[in-house]
Amino acid sequence: MKTKEFRVQDNRLLFKCPCCGKRRNYTLLNVRRKNIKCSECGEITKCVFNRRPELRERQSGLLTLTTREGKEIEVMLRDISSKGVGFEVLKGKDLRALKKKQDISVTCSWNPRMFRKSRFRVQNINGLRVGAMVKR
Numbered sequence: 000m001k002t003k004e005f006r007v008q009d010n011r012l013l014f015k016c017p018c019c020g021k022r023r024n025y026t027l028l029n030v031r032r033k034n035i036k037c038s039e040c041g042e043i044t045k046c047v048f049n050r051r052p053e054l055r056e057r058q059s060g061l062l063t064l065t066t067r068e069g070k071e072i073e074v075m076l077r078d079i080s081s082k083g084v085g086f087e088v089l090k091g092k093d094l095r096a097l098k099k100k101q102d103i104s105v106t107c108s109w110n111p112r113m114f115r116k117s118r119f120r121v122q123n124i125n126g127l128r129v130g131a132m133v134k135r
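Right under this line is the structure:
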């Protein structure tokens, strides 16, 4: 099964089958990913939905997050954009150290230039997944 990222605007998606090119409109509410079966050829596509106005790039790698209190937390990078970063906390107990609107800094050992502006503010927490915006 192929994975493809689709852009969602105003909870609407224009799905285009990667196999046959058939187009179909869908309404999506609060869904991050879904399998869609093409009505023409029957091909199933694993879809990931991007609702942000700016493009985000899917990334993966270990990061070290430091809270204002000095606690270091190891996280897995999931996506990055010009306005922020999305990551997943690896240990549930470390999640307790994070709160919305909290200032954090991020360092990347495998690519030190990736986070030149390493100051972020936690925007949302959903399960182990955390989104943070660049602090200006």
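To convert, note that position 35 of the sequence shown is 34 in numbering that gives the first Met the number 0; the numbers rise steadily by one, no gaps.
Yeah, the Cβ is synthetic: ideal placement off N, Cα and C, and Gly gets one too.
Cβ neighbours of Asn123 in the same chain (closer than 8 Å, five flanking residues each side left out)
Excluding positions up to five away in sequence, the list reads Lys99, Val129 and Gly130.
DSSP has Val30 in a bridge; who is on the other side?
Answer is none; Val30 lacks a bridge partner.
Compute the Euclidean distance between the alpha carbons of Asn34 and Cys46, then round it to the nearest angstrom.
Asn34 and Cys46: Cα-Cα distance of roughly 6 Å.
Which value, in whole angstroms, describes the spacing of the CA atoms of Thr106 and Val84?
Val84 has its alpha-carbon roughly 12 Å from the corresponding atom of Thr106.
Which runs of the beta strand (DSSP E) spanning at least 3 residues fall entirely within the segment 30-74, listed in chain order?
Correct list: 32-36, 43-49 and 56-66.
Assuming Leu127 contacts Val88 (C-beta within less than 8 Å), just tell me the rounded distance between them.
Distance from Leu127 to Val88 at the Cβ level is roughly 5 Å; contact confirmed, criterion being Cβ atoms closer than 8 Å.
Quick one: residues in its chain with C-beta nearer than 7 Å to the C-beta of Tyr25, no 5 flanking neighbours on either side, listed in chain order?
Apart from the 5 residues on each side of it in sequence, Tyr25 sits with its Cβ closer than 7 Å to the Cβ of Leu12 and Phe14 in its chain, given in chain order.
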